[in-house]
Amino acid sequence: MRKKIRFQNTKAETAVYFCASLTGLLLIWYLAVRYTNLNKVMPSPFEVFAFVGSSFVKNIGSRILPFHILASLKRVFVGYFLACIIGIPLGIIMGCSRTGKAVIKPIFELLRPIPGLAWIPLAILWFGIGESSKYFIICVSAIVSIILNSYSGASQVDPILTGAAKMLGARPIQIFFYITLPSSVPQIFAGLQVGLSSSWMAVIAAEMIRASEGAGWIITTGMESGNTVQILSGMISIGLVGLLLASLLRLMERGLCAWNIQGK
Amino acid sequence: MSKVEVNHLTKSFGKLKVLDDISFQVEDGDFLCIVGPTGCGKTTFLNSLVKLYDVDCGEILINGEAVDLNKHSIAYIMQEYSTMSWLTVRENVQFGMKIRKFSKKKIKEKTQEVLRMVGMEKFADYYPGQLSASMLQRVSIARAFAVEPDLLLMDEPYGQLDLELRFKLEDELIRIWQETKTTIIFITHNIEEAVYMSRRIMVLTNKPTKVKEDFENPLPLPRNVTEESFVEMRNRVTNLIKWW
Amino acid sequence: MKEKKLKYTLISVASIAAFLSVWYLVTDVFHIFPSSTFPSPVKVAQAFIRKLTVKTPDGGTLATHLAASLKVALYGYLLGIGIGVPLGILMGWFRKVDLIVKPIFDLVRPIPPVGWIPLMILWLGIGMRAKATVIFVSAVTPSIINAYTGIKQTNSVHIWVARTFGAKSLETLIKVGIPSALPMIFAGLKVSLGASWMALVAAEMLASTEGLGYMIQMNRMVGKADNIMVGMITIGLVGAMLTWILEKLENKLVKGGRTK
Amino acid sequence: MEHSGKIKKDAMILCDHVSKSFVNGNETAEVLKDITLSVEENEFVVILGPGQCGKTTLVNILAGLERASGGEVTVNGKKVTDPEPERGVVYQKTALFPWLTVEGNVGFGPKMAGVPKKERKERTKHYIELVGLSGFEKSYPIKLSGGMRQRVGIARAYCNNPSVLLMDEPFGHLDAQTRYLMQEEVERIWSQDKRTVIFVTNNIEEAVYLADRIVLLSNCPTTVRNEFKIDLQRPRDNMSSEFLRLREEIGRHVEMTR
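Shown next as C-alpha cells:
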C-alpha cells in the first residue's frame, strides 16, 4: 500500500498519548472514588495496586497470586497442547485429502456451533470437578479455531507453487512436506493465536464454576465476599497474562515466518 | 481549459530530496508526456502537483491561481486500478460528478456520453470484479473525463496492459484529447508511447529529480512507429535518459 | 466431475450415520457408559420433546429459556455493535480519536469478557442488566477491532481519487472508507455474535434464574445428562442460525462480490 | 522467411498436430486447433502470439502439466505425459517458494532429486552467480524486486539441469526499463549456458531481440501461422535499422499491427 498522505505518526507520539490517557484514566478513577459515593462500590486505584503488590507475598486463599496464575497457566498449556496435537493434523488432513474432508468435516460442522463453555456441565459430569474436566473444556474451546485455520491453510495452497514443485521433480510426498506444510504455517499460527485467547478465557470460566485455586477462582471468591479490590486485581492480572501469552506467540511467529514479513 | 505553471517545486521525504527545484509551464490544451528512469519520483511529482503530498517549497498555479482541489477540476488516473469494486461501472463513472455536485440531468447525460466514448455502454451495470484489466482502465478514463476536467493527470495508466490493448487505448486517448481539448500530463516509462502520443516531452533525471530537457514533439498526428523521423525522435529521447 | 461430487456427499452422509450409530451402540446397546452421564441419541431426542412442554427440573420449558437467552443476548449484542462499529470506524479514520481512544481500548481488551462477570454481578446483581453488560463487553471488542482494521486497510489509491475530485475528509470516509471496510465490518459482526453467545452461556451458568446456560447448569446439579445435551444442541443450533441470518444480510449489503 | 511446413523427425522437441479444448458444462472451448512445430537442440525459439490465445496452455502441455486433447508431443525422443526435471519452466508470476531463501529456491530441484549436499551447494552457487545474484543467497523472495525474482526463477530452472527450458511470458509484469535489462540478461545467460529454449511472449521487440526462430501463432483457436528465421548477429541492438525493419515486417503479419 502506498505511504499515507500525511506522515505516519512517529512512535514517540503514540507513546506520549498512551501515557497521557493511562494517567488520565487513573486520575479520573481516583477522583471519582474519592469525591463521589462510588467508593462504596469501587476501591481507589492505589488500593488495587497495593493489593496486587502485596499478594506477591501475602496469600489469597491458600496461596500467593503468582501460584494462582501458574495453576491457571498449567491448565491452559495442557488443554491448549492437546487442542494443537489433535486440531492441527485434523485440519491438515481435511485440507489435503478430499476423502478426509468428506469424513471429518460434517461431524466437525455439527459440533462447531456449540460454544466451548457450553461443554462445562457435561465435562464436570464426565470428568468430575478435578483438573481433567478443565483440560477438556480448554481443549474444546481452542480446537475449533485451530482446526478451521489449519484446514484453510492446507486447502488454499497456491496451485502455481505445487505446479512449479512438480516441474522440479518433486514427488507427492515431497510436495506435502516441502510445499503444503510451509505455506500453511502463517494460517496455522492465526488459528493458534485465536485458540490461545479462547483457552485463556475457557480456563477462567472453568475456574469460576468450580476450582480451589487459579485466576478465575480469585475473582469468583472476590465476588462471593464482595471484595472488589480482589476482583479488580484478579482482572488486571488476567488481562496482563493474556496480553503476555499473545505477544509470546507473536514473537514465535515472527521467528518462524520471517519470510512472510514485508518491510525492507 | 487550463494553463499550468510550476515554479521551483521542491519536495523531500525526511532527508531524502526527491524533487529538486522543478519549474515548467503547460499551455492550455497541451499533451505533455513526462519520461524518466524508474524510481525518479515521477509519481511523487504528480501527487505534489495536486497537493496530495504537501510540498517543501515552490508554487503550483492553474490559470494563475494556486491549485485548489475544490475550485479546479482535476482528474487523476493511476497505474493501479482505481475503480471501486463496490460500485457498478455506471456508479464508478458518476462518482466524480456526484462529488462535484453536477445536476442530476447533467450526470445522466454525461454518464451516457463518456460510456459511449470508451465503448463501455454494454457493461454499465457490471461490477469491476467481473471485468478485465483493460475494461477497468477504460472505466477510470471515463470517470476522469466525465467531470470535464481542466487538467488530466495520468500516471502510467497502460503500464500493465497487453501490447495490442495498449495500442488501442493510446489511439483512443488521442482521439478523446483532440475532441475535448483537455490539458493532459501523461507519465510513462515507455519512450515509444511518449513519442507516439505527446505534443511536448519532458525528460526527468534520476533522484533528486530535475528537469533534464523539455522540448516540442513536432511529428504530425497520426504517427507511424516505423517512420524515419519517429525513430530518430525516439533515439534522441532514449539517449537523454541513458538509464542502462 | 459430477460422479466425484456424488461420491463425496455419500461419504459425508455415511460418516454422520456412523457417528450416530457408534454413539447409539456405545450407549444403549453395549452400555459401556451409564445413560445418566452419557445418554444415547434416542434418549436425547426424547428429552428434547419432553423439554418442550415440561418445566422440571429447571423451572422452565425449552422455549422460555431460549426466549430469555435470546432477549438478553440480542440486547447486549446490538448495543455492543451499535457502539463498537462506529467507534472503530472513527478510530480508524481520524488520527486524533485513534491516539486518544486506542490506548484505553488496548488496556481493556486483553481481559476476557468472562472475567467481567463477577464484577458485573456484584454491581448489577444477577438480573438481566448484569448479563447484558457482560455480553455488551464481549460484543464491542471484536466489532471495534474489525471496523478499525477495515478502515485502515482502505486502498489509498481510492482515497486519492476521491480527494482529487475535491471530496473533503468526511465525504471521503463515507464514500470510500466505509464501503471498502464493509466486508471486514461484517466479519467483525460474526465474531461478536460468537463471543456474545459464548459470554451469555457463561453468565447464565454463573448467576441466573433462567436461560439456556442456567438450564444446562441446573441439569448438571441433578445429573440429567440428556437435558444438558438438549440445552447444548439448542445453543449450537440457535447460534448457527443467527450466523446464517448475518451472512444473508451481508450478501445483500456488501455488493461487488467482495464478501470476506 | 516463409513457413517451412515440414518438421524434422529427430528434433529435440516435436509437436505433432497438438490440439486442446476445454469442456465446461455442455459447450467445449477449443483453445489449440493444430500446433505442429519442431525445435532443434540448443535453438532459441520464441512463440509469438496475441493476448489470450492459449500460449500458457501450450507451455503446460509441453511441460507435461496438462494433457493435449489430440496430437503428440515428444521431447528428446520420449513422449511427454508427466512433468519431468528434464524440462524446466520459468513462470510469468515467478512462482518462487516464499518460505525459502534465494539459495533454497535455486537448490530446490536437486534437493528433491536427492543430489548430495556438497554437489548441490556448488551447483546452486554456480547458477546464482550466473544470473548475477551473488550476495542475495540468504534473502527471502518477498524482499526482492520483480527483475531479481525473475533471475531467481531462471537460476532455479537452470539449476535442475534441464535439457529444455520453457519460459512463459516471464517479463510480462515488469516495467519497460527492467524488461530491456532482463532481455539482455537472458541473452547473456543463454549464450554462456546453451539449452533448448521455448520462450513465449506477446512483445514483438522481445521476440526479435532473443529468437533464432520466431513461431507466429494465430488468434484463438490457435494454429501456427508462419515462422521467421532471425539471423542477426548476437547480441542485437534494438535500435539498429535492420532490427526495426525486421520488427516492422513481423508486425505486419501479427493481427495487431498499428
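Going line by line, the protein sequences match chains A, B, C and D. With the working numbering, letter number 134 in the first sequence gets 134, and the count goes up by one each step, no holes. For the working numbering, add 1000 to where a residue sits in the second sequence, where the first one is 1. For the working numbering, add 2000 to where a residue sits in the third sequence, where the first one is 1. For the working numbering, add 3000 to where a residue sits in the fourth sequence, where the first one is 1. We put the CB at the ideal spot given by N, CA and C, even for glycine.
>> If contacts are defined as beta-carbon pairs under 8 angstroms, then residue 1241 of chain B and residue 1029 of chain B qualify, I think. What distance do you get, rounded to the angstrom?
In response: The residue given as residue 1241 of chain B occupies position 241 in the second sequence. The residue given as residue 1029 of chain B occupies position 29 in the second sequence. The pair is not a contact, with the Cβ atoms about 27 angstroms apart (cut-off 8 angstroms).
> Among A:195, A:224 and A:186, which residue has its Cα nearest to the Cα of residue 208 of chain A?
Replying inline: Here residue 208 of chain A corresponds to residue number 208 of the first sequence, with the count starting at 1. Measuring from the Cα of residue 208 of chain A, the nearest candidate turns out to be A:224.
>> Please identify, using Cβ separations under 8 angstroms, the residues of the segment 3162 to 3175 of chain D that lie next to chain B, in order along the chain.
In response: 3173 and 3175
> Under 9 angstroms between C-beta atoms, does residue 1063 of chain B make it to chain C?
Replying inline: To locate residue 1063 of chain B, count along the second sequence from 1; it is residue 63. Residue 1063 of chain B does not count as touching chain C.
> What are the partner residues of residue 1033 of chain B, as DSSP defines its beta bridges?
Replying inline: What you label residue 1033 of chain B is simply residue 33 of the second sequence in a count that begins at 1. According to DSSP, residue 1033 of chain B bridges with B:1186 and B:1201.
> Which residue or residues does DSSP assign as beta-bridge partners of residue 3226 of chain D?
Replying inline: The residue given as residue 3226 of chain D occupies position 226 in the fourth sequence. Its beta-bridge partners are D:3216.
>> Can you confirm whether residue 1220 of chain B, when its beta carbon is compared against all beta carbons of chain D, has any partner nearer than 9 angstroms?
In response: Along the second sequence, read from residue 1 onward, the residue named residue 1220 of chain B stands at position 220. It does not: the Cβ of residue 1220 of chain B has no partner Cβ on chain D nearer than 9 angstroms.
>> Restricting to runs no shorter than 4 residues, where is the alpha helix (DSSP H) found entirely within the segment 2166 to 2200 of chain C?
In response: 2169 to 2172
> Just the Cα atoms here: how many angstroms apart are residue 2199 of chain C and residue 3063 of chain D?
Replying inline: Along the third sequence, one-based indexing puts residue 2199 of chain C at 199. Along the fourth sequence, one-based indexing puts residue 3063 of chain D at 63. Answer to the nearest angstrom: the Cα atoms are 56 angstroms apart.
> So residue 265 of chain A is in the alpha helix (DSSP H); what residue range does that whole segment cover?
Replying inline: For chain A, the structure presents residues 1 to 264; residue 265 of chain A sits outside this window and is missing.
>> Am I right that residue 233 of chain A and residue 51 of chain A are in contact with their C-beta atoms under 8 angstroms? What's the rounded C-beta distance?
In response: Here residue 233 of chain A refers to the residue found at position 233 of the first sequence. Here residue 51 of chain A refers to the residue found at position 51 of the first sequence. With a Cβ gap of about 5 angstroms, residue 233 of chain A and residue 51 of chain A count as contacting.
> Which of the three DSSP states, helix, strand or coil, is assigned to residue 3123 of chain D?
Replying inline: As a first step, residue 3123 of chain D is located in the fourth sequence; it is residue number 123 there, counting from the start. It is helical.
>> Run through chain B and tell me which residues come within less than 9 angstroms of residue 2247 of chain C, C-beta to C-beta.
In response: Within the third sequence, numbered from 1, the residue matching residue 2247 of chain C stands at position 247. Going along chain B, no residue has its Cβ under 9 angstroms from residue 2247 of chain C, so there is no contact; the nearest lies around 18 angstroms.
>> Rounded to whole angstroms, what is the Cα-Cα separation between residue 184 of chain A and residue 1066 of chain B?
In response: In the first sequence, residue 184 of chain A corresponds to position 184, counting from 1. In the second sequence, residue 1066 of chain B corresponds to position 66, counting from 1. Near 53 angstroms, if we compare the C-alpha coordinates of residue 1066 of chain B and residue 184 of chain A.
> So does residue 3039 of chain D have its beta carbon nearer than 8 angstroms to some heavy atom of the ligand ADP?
Replying inline: Here there are no bound small molecules, and the ligand ADP is not part of this structure.
> Helix or strand or just coil, what does DSSP make of residue 7 of chain A?
Replying inline: Counting from 1 along the first sequence, the entry for residue 7 of chain A is found at position 7. Caution applies to residue 7 of chain A, whose pLDDT of 45 falls short of 50 and renders its modelled position unreliable; the model cannot decide the point.
>> Tell me whether the segment 135 to 142 of chain A and the segment 154 to 171 of chain A touch, counting them as touching only if at least three CB pairs, one residue from each stretch, are closer than 8 angstroms.
In response: no
>> Contact criterion: CB-CB distance below 9 angstroms. Does residue 182 of chain A meet it with respect to chain C?
In response: The count along the first sequence starts at 1 and reaches residue 182 of chain A at position 182. No, residue 182 of chain A lies away from the interface with chain C (no Cβ there is under 9 angstroms from its Cβ).
>> Quick check on residue 89 of chain A: buried or exposed, where buried means 16 or more other Cβ atoms within 10 Å of its Cβ?
In response: As a position in the first sequence, residue 89 of chain A is number 89, starting the count at 1. So residue 89 of chain A counts as exposed.
>> Give me, in chain order, the residues of the same chain whose beta-carbon lies closer than 6 angstroms to that of residue 2023 of chain C; leave out the 5 immediate sequence neighbours on both sides.
In response: On the third sequence, residue 2023 of chain C is found 23 positions in, with the first residue counted as 1. Contacts found: 2041.
> So which of A:132, A:213 and A:66 has the shortest CA-CA distance to residue 80 of chain A?
Replying inline: Walking along the first sequence from the start, residue 80 of chain A turns up at place 80. If we check each option's Cα against that of residue 80 of chain A, A:132 comes out closest.
>> Whole angstroms are fine: how far does the CA of residue 3218 of chain D sit from the CA of residue 3285 of chain D?
In response: With chain D represented from 3001 up to 3258, any question about residue 3285 of chain D goes unanswered, as that position is not in the structure.
> With a Cβ-Cβ cutoff of 9 angstroms, do residue 3080 of chain D and residue 3089 of chain D count as a contact?
Replying inline: In the fourth sequence, counting from the first residue as 1, residue 3080 of chain D sits at position 80. In the fourth sequence, counting from the first residue as 1, residue 3089 of chain D sits at position 89. Against a cut-off of 9 angstroms, the Cβ pair of residue 3089 of chain D and residue 3080 of chain D comes out as no contact.
> residue 3244 of chain D CB to nearest chain B CB: under 9 angstroms?
Replying inline: By 1-based counting over the fourth sequence, the position of residue 3244 of chain D is 244. Judged by the 9 angstroms Cβ criterion, residue 3244 of chain D is in contact with chain B.
> Nearest-angstrom Cα distance between residue 1118 of chain B and residue 1218 of chain B?
Replying inline: In the second sequence, counting from the first residue as 1, residue 1118 of chain B sits at position 118. In the second sequence, counting from the first residue as 1, residue 1218 of chain B sits at position 218. Taking the straight line joining both Cα atoms gives about 27 angstroms.
> Checking contacts by CB at 9 angstroms: is residue 1095 of chain B closer than that to chain C?
Replying inline: For the purposes of this step, residue 1095 of chain B is taken as residue 95 along the second sequence, with counting starting at 1. Output row for residue 1095 of chain B: interface = yes.
> Terminal residues of the continuous alpha helix (DSSP H) containing residue 2020 of chain C?
Replying inline: Your numbering for residue 2020 of chain C matches position 20 in the third sequence. Taken as a continuous stretch (DSSP letters only), the alpha helix (DSSP H) holding residue 2020 of chain C covers 2002 to 2024.
> Can you give the Cα-Cα distance for residue 3187 of chain D and residue 3042 of chain D, rounded to whole angstroms?
Replying inline: Taking the first residue of the fourth sequence as position 1, residue 3187 of chain D is located at position 187. Taking the first residue of the fourth sequence as position 1, residue 3042 of chain D is located at position 42. The straight-line gap from Cα to Cα measures roughly 13 angstroms.
> Run through DSSP, which three-state label would residue 1015 of chain B get?
Replying inline: The residue labelled residue 1015 of chain B in the question sits at position 15 within the second sequence. DSSP places residue 1015 of chain B in coil when its eight states are reduced to three.
> Comparing the C-beta of residue 1078 of chain B with each C-beta of chain C, is any distance below 9 angstroms?
Replying inline: As a working mapping, residue 1078 of chain B is identified with position 78 in the second sequence. True, the Cβ-Cβ gap to chain C drops below 9 angstroms.
>> Within the continuous beta strand (DSSP E) that includes residue 1061 of chain B, where are the two ends?
In response: Translated into positions along the second sequence, residue 1061 of chain B becomes position 61. Looking at the DSSP string, the run of the beta strand (DSSP E) that includes residue 1061 of chain B is 1057 to 1062.
> Can you find a CB in chain D that lies within less than 9 angstroms of the CB of residue 252 of chain A?
Replying inline: In the first sequence, counting from the first residue as 1, residue 252 of chain A sits at position 252. Not closer than 9 angstroms to any Cβ of chain D, the Cβ of residue 252 of chain A fails to qualify, so no.
>> Assuming the contact rule is C-beta atoms closer than 8 angstroms, residue 3244 of chain D and residue 3197 of chain D should be a hit. Round their C-beta distance to whole Å, please.
In response: Here residue 3244 of chain D refers to the residue found at position 244 when the fourth sequence is read from its first residue. Here residue 3197 of chain D refers to the residue found at position 197 when the fourth sequence is read from its first residue. In fact, because the Cβ distance is near 24 angstroms, the residues do not count as touching under 8 angstroms.
>> Looking at residue 1145 of chain B: is its Cβ nearer than 9 angstroms to the Cβ of residue 1135 of chain B?
In response: Position 145 of the second sequence, counting from 1, holds the residue named residue 1145 of chain B. Position 135 of the second sequence, counting from 1, holds the residue named residue 1135 of chain B. No, the pair does not count as a contact, with Cβ atoms beyond the cut-off.
> DSSP puts residue 1025 of chain B in a beta bridge; with which residues?
Replying inline: Along the second sequence, read from residue 1 onward, the residue named residue 1025 of chain B stands at position 25. Paired residue(s): B:1005.
> Taking Cβ-Cβ distances below 7 angstroms as the criterion, which residues of the segment 3190 to 3219 of chain D are in contact with chain A?
Replying inline: none
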